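Q:
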Amino acid sequence: MSLADSVTPHDAPSDLDREQNRLTVLYARLDTLRDTTRQRLAEVAARPGGTPQARTERDAAFTEYATRLSRLEAAENGLCFGRLDLRSGERHYIGRIGLPADDPDADPLLVDWRAPAARAFYVATSAAPEGVHRRRHIVTRGRRVVSLDDEVLDGAPDAGRENLAGAAALLAAVNTGRTGRMQDIVATLQAEQDAIIRSDQNGVLVVQGGPGTGKTAVALHRAAYLLYHSARIASRGVLVVGPNATFLRYIGQVLPGLGETSVLLSTVGELFPGVVADRREAAATVEVKGRPVLADVLAAAVRDRQAPPGRPLTLQVGDDPVRLEPEFWVAAADRARATRRPHNQARPTFVRLVVDEVARQLIAHARGLADRLVADAAEMLGGADLDAAVRGDLARLGLADAPGDEDAYAETAVDYRAVAESDPAVADACELLWPRLTPQRLLAELFASPDRLASAAGGLLTPDEQALLVRPAVSSVAGGWSTADLLLLDEALQVLGVDDRAARSRAARSRDEEIAYAQGVLDIAAGSASEDGEALSVTDMLDAHQLADQFGVADRRTIAERAAADRTWTFGHVIVDEAQELSPMAWRLLMRRCPTRSMTLVGDIAQTSSPGGLRAWDQALEPFVGDRWRLTRLSVNYRTPAEIMALTAPLLATLDADAEPPSSVRETGVPPWHAEVPPEQVAEHVRAQLAELGQGRLAVITPDALASEVAAVLPEASAGPDPDLTAPVVVLGVGQAKGLEFDVVLLVDPAGMIDASPRGGNDLYVALTRATQRLGVLHPGPLPGVLREAFTA
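Residue 381 in our numbering sits at position 360 of the sequence shown; the count goes up by one each step and never skips.
#1: Are the CB atoms of residue 238 and residue 206 within a distance shorter than 8 angstroms?
#2: Thinking residue 724 and residue 801 are a contact (beta carbons under 8 angstroms), I'd like their distance in whole angstroms, please.
#3: Determine, using beta carbons only, whether residue 314 and residue 490 come nearer to each other than 8 angstroms.
#4: So the alpha helix (DSSP H) residue 608 belongs to, where does it begin and stop?
#5: What separation, rounded to the nearest whole angstrom, lies between the Cα atoms of residue 401 and residue 393?
#6: On the criterion of 16 or more Cβ atoms from any shown chain inside 10 Å, does residue 444 qualify as buried, or is it exposed?
#7: In this structure, how does DSSP classify residue 315 when only helix, strand and coil are distinguished?
#8: Does DSSP put residue 171 in a helix, in a strand, or in coil?
#9: Around the Cβ of residue 651, are there at least 16 other Cβ atoms within 10 angstroms (buried) or fewer (exposed)?
#10: Which word fits residue 283, buried or exposed, when buried means at least 16 other C-beta atoms lie within 10 angstroms of its C-beta?
#11: Taking the Cβ atom as the reference point for each residue, do residue 505 and residue 755 lie within a distance shorter than 8 angstroms?
#12: Thinking residue 477 and residue 325 are a contact (beta carbons under 8 angstroms), I'd like their distance in whole angstroms, please.
#13: Should the stretch 266–276 be called in touch with the stretch 579–597, which here means at least 3 C-beta pairs below 8 angstroms?
#14: Under the three-state reduction of DSSP, which class applies to residue 813: helix, strand or coil?
#15: Along the chain, where does the alpha helix (DSSP H) that runs through residue 306 open and close?
#16: Rounded to whole angstroms, what is the Cα-Cα separation between residue 89 and residue 163?
#17: Within 8 angstroms, do at least three Cβ pairs link the stretch 680–687 to the stretch 722–736?
#18: Fully enclosed by the stretch 314–401, which alpha helix (DSSP H) runs are 4 residues long or longer?
#19: Helix, strand or coil for residue 3? Go by DSSP, reduced to three states.
#20: DSSP three-state call for residue 58: helix, strand or coil?
#21: Put residue 763 into one of helix, strand or coil per three-state DSSP.
#22: In chain order, what residues of the same chain have a beta carbon less than 7 angstroms from the beta carbon of residue 36, not counting five sequence neighbours either side?
#23: According to the neighbour-count rule (16 or more other Cβ atoms, all chains shown, within 10 Å of its Cβ), is residue 355 buried or exposed?
#24: What are the start and end residues of the beta strand (DSSP E) that includes residue 102?
#25: Between the beta-carbon of residue 760 and the beta-carbon of residue 268, is there less than 8 angstroms?
#26: Assuming residue 810 contacts residue 791 under a Cβ cut-off of 8 angstroms, what Cβ separation, rounded to an integer in Å, is found between them?
#27: Looking at residue 53 and residue 86, is the spacing between their C-beta atoms short of 8 angstroms?
#28: For chain D, check one thing: does any of its Cβ atoms lie closer than 8 angstroms to the Cβ of residue 775?
#29: How many angstroms separate the CA atom of residue 128 from the CA atom of residue 139?
#30: What is the residue span of the beta strand (DSSP E) that residue 159 lies within?
#31: If we count the other Cβ atoms within 10 Å of its Cβ and call it buried at 16 or more, is residue 111 buried or exposed?
#32: Secondary structure at residue 287, three-state DSSP: helix, strand or coil?
#33: Here's the rule I'm using: 16 or more other beta-carbon atoms within 10 Å means buried, otherwise exposed. How should residue 658 be labelled?
#34: What is the DSSP secondary structure of residue 666, counted as helix, strand or coil?
#35: When DSSP builds the beta bridges, which residues end up paired with residue 739?
#36: Return the first residue and the last residue of the alpha helix (DSSP H) that residue 461 is part of.
Next up, the structure:
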């Protein structure tokens with residue numbers, strides 16, 4: 022029996038009418054809840070803050086109602102998609118969100134797909150019914166029911182569907198033309214996917230899955246599930262990391278469509294706010310920069326900037342020369358490091374010691390001058406006692422020893438410290454010996470200087486590896502940074518830290534100004550108050566601090582918006598898609614963003630194409646969690662037809678002899694084809710395929726270096742660094758195609774793809790497995806051996 026025969030369609034008007042009536046009731050309830058939530062949100066927004074506690078409560082309520090409203094708005098399309106008829110006689114409708122009945126004691130009108138009661142909708146099969154008599158898939162368009170599909174599960178097991186839930190709905194979704202945007206799969210989740218989505222939130226879960234197994238969809242739905250069930254995760258948000266910006270735009274509608282706003286979608290290169298990665302560099306350089314030893318190189322580079330060896334420094338402070346010896350600043354640096362603070366936060370300790378030393382020498386100079394003055398005066402007076410008043414004046418100035426002069430000396434020492442702190446020569450010396458460093462300045466100066474690099478990387482990198490990192494100086498503020506650089510900038514900031522004393526001082530001044538302004542308002546109000554002594558005035562009810570609190574600006578950004586702007590934000594859970602692509606330095610960054618190590622990592626080792634990517638999962642995880650991680654696998658290919666997967670089998674065997682390709686659930690009857698075609702003739706094949714395609718999407722996937730050449734002969738196609746995936750035709754370099762899917766794929770120059778990088782075979786495997794319907798291979802020369810073998814098999 023085919024999968025398409027595993028359901029019984031119901032077109033009876035009575036069934037459709039009953040489900041339409043139920044859907045109308047559900048939408049009426051949804052509209053009521055929306056109106057109520059909008060009203061409460063407006064009331065909270067208009068509420069004054071009052072005390073700091075009241076302000077906090079107001080902002081929390083605003084966030085709660087805004088989040089609730091976004092979920093209610095997102096549920097408009099596909100509100101209800103399923104029904105469970107249990108053997109017990111109970112009936113549950115399953116949907117995007119839960120809808121409570123008017124009566125708080127009554128059963129909910131609609132069960133959220135993430136609730137425990139909805140689990141059977143995804144896992145029940147005829148072999149294991151889970152207490153379900155009938156599962157009904159309800160297909161809607163807008164607010165109208167258009168079709169129903171029933172599965173009776175408590176009969177004899179059916180070999181054609183025993184491992185699939187809702188086969189007809191699943192196949193309909195897979196065979197529907199692509200739109201250029203990923204859609205959620207809440208109506209068609211399968212048991213192995215559902216088990217991953219609902220698995221324990223704690224620790225690191227690795228999901229290994231081949232092409233078409235739904236890894237990305239599972240990861241996104243897991244984010245929604247965890248936010249629904251965990252208040253801790255919801256309060257900190259979820260970070261979803263993808264391989265590139267094109268991929269993030271492709272998946273960008275899924276979580277908002279599920280009503281979730283507490284998820285930040287980001288590439289790893291976007292997790293250092295304020296710096297844009299706009300520089301491309303050689304694969305060999307990327308690989309070196311991704312090694313974990315670069316953390317040691319950066320730590321050594323920072324230490325090299327702390328009290329570097331050199332000759333004594335002579336400073337002119339006012340009229341006095343001050344000499345700083347290398348022995349002094351080395352000892353001062355040791356004391357600063359002993360604080361165990363990052364470089365910039367330890368700097369004030371070093372500066373204080375320098376200022377103390379300069380002040381000490383200035384006082385010594387002054388006291389030496391005083392001693393000479395006293396000696397000269399004594400000689401002039403021929404041994405007579407100095408006038409007591411003169412001796413007292415000298416003592417008060419700290420220029421002579423005298424009984425009771427300790428306080429005067431202390432005051433004078435403070436004066437000389439103030440002179441040292443404000444002197445430009447002292448500031449220059451501190452900058453030379455322990456400079457203020459930003460991550461950008463540290464890296465720019467390190468990579469621009471072979472000598473600095475050799476000092477920091479000696480014994481850690483070979484001279485040839487060091488040479489890969491050397492480049493002309495770039496601006497330490499903006500421009501010229503690659504994604505691999507941004508990982509190093511983040512690592513450098515860990516070593517450098519931020520001296521935030523100036524920022525805290527500015528915030529304190531701003532607060533003082535707000536309070537002063539509020540006090541002025543109260544003074545004006547008091548001056549114009551009624552003379553009636555029994556009347557209460559505004560000053561009787563609140564003071565300047567309370568008034569300033571009441572009218573302060575509330576931060577009403579979503580968790581995702583706040584997290585995106587705050588490099589120090591730590592997330593409740595981190596999900597990494599295409600996780601096999603990340604370098605060790607990228608893993609260090611992500612672990613800092615999630616100290617709880619609550620993570621879900623999805624990927625496929627056979628698709629690793631990055632020069633610094635993984636060959637095994639323990640390679641990434643062992644340095645951070647040892648063996649405390651769980652591995653699960655997705656084994657069913659829902660997207661890629663069996664004909665295409667058969668073509669990739671010889672190639673997969675060369676990439677990973679132990680890999681087991683996922684089994685495809687369908688065949689299209691259209692085998693992959695190939696033709697020897699130069700790049701300039703690709704256009705005629707694209708147009709021929711488009712004529713057959715209809716409303717779907719076609720992708721031309723090429724080696725990265727060839728993409729612009731192919732795009733030039735296809736003016737109707739979207740291409741470039743920011744392609745529009747909703748266009749009928751797009752031209753993509755293979756690096757852009759990772760994680761995407763299209764109805765038809767034309768792969769151009771497979772041999773060039775293999776030759777382009779050390780992991781070109783992995784790139785070819787990625788490109789071959791992007792199609793949901795048809796695949797064509799266009800090659801300007803002979804086919805690579807692995808494809809020639811597959812096409813002739």
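Glycine included, each C-beta is placed from N, C-alpha and C at the ideal position. Computed from a predicted model, the values in this text were never measured in an experiment.
A: Checking against the coordinates, here is how it stands:
#1: The count along the sequence shown starts at 1 and reaches residue 206 at position 185. The count along the sequence shown starts at 1 and reaches residue 238 at position 217. Yes.
#2: As a first step, residue 724 is located in the sequence shown; it is residue number 703 there, counting from the start. As a first step, residue 801 is located in the sequence shown; it is residue number 780 there, counting from the start. Between residue 801 and residue 724 the Cβ distance is about 11 angstroms, and since that is not below 8 angstroms, they are no contact.
#3: By 1-based counting over the sequence shown, the position of residue 314 is 293. By 1-based counting over the sequence shown, the position of residue 490 is 469. Cβ distance not < 8 angstroms, so residue 314 and residue 490 don't count as in contact.
#4: Start at 1 with the first residue of the sequence shown, and residue 608 comes out as number 587. First-last of the alpha helix (DSSP H) with residue 608: 605–614.
#5: Residue 401 sits at position 380 when you count from the first residue of the sequence shown. Residue 393 sits at position 372 when you count from the first residue of the sequence shown. If I take the Cα positions, the gap works out to 12 angstroms.
#6: Translated into the one-based positions of the sequence shown, residue 444 becomes position 423. It is buried - the Cβ of residue 444 has at least 16 other Cβ atoms within 10 Å.
#7: In the sequence shown, counting from the first residue as 1, residue 315 sits at position 294. If DSSP states are grouped into helix, strand and coil, residue 315 belongs with the helices.
#8: Locating residue 171 in the sequence shown gives position 150, counting from the first residue. Strand, per DSSP.
#9: The residue given as residue 651 occupies position 630 in the sequence shown. Residue 651 should be labelled exposed.
#10: Residue 283 sits at position 262 when you count from the first residue of the sequence shown. When all chains shown are included, residue 283 counts as buried.
#11: Translated into the one-based positions of the sequence shown, residue 505 becomes position 484. Translated into the one-based positions of the sequence shown, residue 755 becomes position 734. Not closer than 8 angstroms, so no.
#12: Counting from one through the sequence shown, the residue named residue 477 turns up at place 456. Counting from one through the sequence shown, the residue named residue 325 turns up at place 304. Residue 477 to residue 325, Cβ: 6 angstroms. Contact.
#13: no
#14: As a position in the sequence shown, residue 813 is number 792, starting the count at 1. It is helical.
#15: Here residue 306 refers to the residue found at position 285 of the sequence shown. Where residue 306 is concerned, the enclosing alpha helix (DSSP H) stretches over 304–310.
#16: Counting from 1 along the sequence shown, the entry for residue 89 is found at position 68. Counting from 1 along the sequence shown, the entry for residue 163 is found at position 142. In a straight line, the C-alpha of residue 89 is about 21 angstroms away from that of residue 163.
#17: no
#18: 314–325, 347–358 and 364–401
#19: Nothing about residue 3 can be reported from this structure: the residues present for the chain run from 22 to 814 only.
#20: Position 37 of the sequence shown, counted from the first residue, corresponds to residue 58. Here residue 58 sits in helix by DSSP.
#21: As a first step, residue 763 must be located in the sequence shown, where it is residue number 742. Here residue 763 sits in strand by DSSP.
#22: What you label residue 36 is simply residue 15 of the sequence shown in a count that begins at 1. So the qualifying residues of the chain are 169.
#23: Along the sequence shown, one-based indexing puts residue 355 at 334. The residue is exposed, with fewer than 16 neighbouring Cβ atoms inside 10 Å.
#24: Counting from 1 along the sequence shown, the entry for residue 102 is found at position 81. First-last of the beta strand (DSSP E) with residue 102: 101–107.
#25: By one-based count along the sequence shown, residue 760 stands at place 739. By one-based count along the sequence shown, residue 268 stands at place 247. Yes, the pair counts as a contact, with Cβ atoms nearer than the cut-off.
#26: Numbered from 1 along the sequence shown, position 789 holds the residue referred to as residue 810. Numbered from 1 along the sequence shown, position 770 holds the residue referred to as residue 791. About 21 angstroms; that fails the 8 angstroms criterion.
#27: Working through the sequence shown from its first residue, we reach residue 86 at position 65. Working through the sequence shown from its first residue, we reach residue 53 at position 32. Contact: no.
#28: In summary, chain D is missing from the structure at hand, where a single protein chain is found.
#29: Taking the first residue of the sequence shown as position 1, residue 128 is located at position 107. Taking the first residue of the sequence shown as position 1, residue 139 is located at position 118. In a straight line, the C-alpha of residue 128 is about 14 angstroms away from that of residue 139.
#30: Working through the sequence shown from its first residue, we reach residue 159 at position 138. Note, residue 159: beta strand (DSSP E), 153–162.
#31: Residue 111 sits at position 90 when you count from the first residue of the sequence shown. Exposed, by the Cβ-count rule.
#32: On the sequence shown, position 266 is the one that residue 287 refers to. Strand at residue 287.
#33: To locate residue 658, count along the sequence shown from 1; it is residue 637. Residue 658 is buried by the Cβ-count criterion.
#34: One-based indexing of the sequence shown puts residue 666 at position 645. DSSP places residue 666 in helix when its eight states are reduced to three.
#35: Taking the first residue of the sequence shown as 1, we reach residue 739 at position 718. According to DSSP, which records beta bridges pairwise, residue 739 is partnered with 751.
#36: For the purposes of this step, residue 461 is taken as residue 440 along the sequence shown, with counting starting at 1. Per DSSP, residue 461 belongs to the alpha helix (DSSP H) from 460–468.
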